[in-house]
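Participant: Quick one: the structure is below, and I'll ask about it shortly.
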Amino acid sequence: MHPTSETTETSEISETPEASLTALAAELVAMAEADHRAAAGAHSDDVAQQLAWRRLTARHGDRLNEIMDAYGWPTARLVGEDAARAAWLVAQHADRQLDVQRRALELLGGAVADGEAAPRDLAFLLDRTRVNEGREQVYGTQIAGIADGAPVPWPCEDPERMDARRAEVGIEPYAAYVARHAPAGAPTGRQ
Numbered sequence: 000m001h002p003t004s005e006t007t008e009t010s011e012i013s014e015t016p017e018a019s020l021t022a023l024a025a026e027l028v029a030m031a032e033a034d035h036r037a038a039a040g041a042h043s044d045d046v047a048q049q050l051a052w053r054r055l056t057a058r059h060g061d062r063l064n065e066i067m068d069a070y071g072w073p074t075a076r077l078v079g080e081d082a083a084r085a086a087w088l089v090a091q092h093a094d095r096q097l098d099v100q101r102r103a104l105e106l107l108g109g110a111v112a113d114g115e116a117a118p119r120d121l122a123f124l125l126d127r128t129r130v131n132e133g134r135e136q137v138y139g140t141q142i143a144g145i146a147d148g149a150p151v152p153w154p155c156e157d158p159e160r161m162d163a164r165r166a167e168v169g170i171e172p173y174a175a176y177v178a179r180h181a182p183a184g185a186p187t188g189r190q
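Here numbering that gives the first Met the number 0 is used: the first residue of the sequence shown is 0, the next is one more, and so on.
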């Protein structure tokens, strides 16, 4: 039996928008899972692991850029809570792709203004982007390293008002944040 034009046309019908968004959500979550698995390589002494991390985050940044071209910021309403959080993580880790981070920051800012994303996520991405630009962070979310056993943030503008700004976007006080990131038994007070 020969295929009819009807069966040929049916087989060429593209997936529904809902199926496409479901696939997009699954892809974003898979990207975040791969990110978590490879994250130890970011600070490894093993150059191969560092390079693998950089390649992974670059691929993910490129893909997020394509997603933003097609959909804007992937909000929870569009792709679900887990996938929206995954998109944020990809943007957060696109450290060597400032164009991607800046674009994500702009689109995420619009989503926050529309009530479609969390101000907390925007604050973390703003600080990350500013640190990558060599500027002072606003919310004190980015830790530069450990000195004398205590986490040290990247420089922050107007540090006296930092906790007030953090509270405005739903981030815990700086001292509590640092305590969570400190090695066991390390001092955590501001110096």
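Built from N, CA and C at the ideal position, the CB exists for glycine as well.
Small disclaimer: the values here were computed from a predicted structure and weren't measured.
Once the 5 residues before and after A85 are set aside, which same chain residues still bring their CB inside 7 Å of it?
Facilitator: The residue labelled residue 85 in the question sits at position 86 within the sequence shown. The residues are L27, V28, M30 and A31.
Participant: Which partner residues does V151 have in the DSSP bridge list?
Facilitator: Numbered from 1 along the sequence shown, position 152 holds the residue referred to as residue 151. V151 is bridged to G144.
Participant: Since G139 and P118 should fall inside the 8 Å C-beta cutoff, what is the C-beta to C-beta distance between them, to a whole number of angstroms?
Facilitator: The residue given as residue 139 occupies position 140 in the sequence shown. The residue given as residue 118 occupies position 119 in the sequence shown. 15 Å between Cβ atoms; not a contact.
Participant: Let me check one thing: in DSSP terms, what residues is Q136 bridge-paired to?
Facilitator: Looking up residue 136 in the sequence shown gives position 137. C155, per the DSSP bridge assignment.
Participant: When burial is assigned at 16 or more other CB atoms within 10 Å of the CB, is G60 buried or exposed?
Facilitator: By one-based count along the sequence shown, residue 60 stands at place 61. Burial is judged here by how many other beta carbons sit within 10 angstroms of a residue's own beta carbon; G60 has at least 16 and is buried.
Participant: Evaluate contact between the segment 142-151 and the segment 97-106, counting only Cβ atoms and requiring at least three cross-stretch pairs below 8 Å.
Facilitator: no
Participant: Going by CA-CA distance only, name the one from W87, A75, A37 and V46 that's closest to D113.
Facilitator: By one-based count along the sequence shown, residue 113 stands at place 114. Of the listed residues, the one whose Cα sits closest to D113 is A75.
Participant: So what does DSSP say about P16, is it helix, strand or coil?
Facilitator: Taking the sequence shown and counting its residues from 1, the one referred to as residue 16 is at position 17. Reduced to three states, the DSSP call for P16 is helix.
Participant: For Y173, count neighbouring Cβ atoms within 10 angstroms of its own Cβ and tell me buried if that reaches 16, exposed if not.
Facilitator: Stepping through the sequence shown from its first residue, residue 173 is reached at position 174. Buried, because 16 or more other Cβ atoms sit within 10 Å of the Cβ of Y173.
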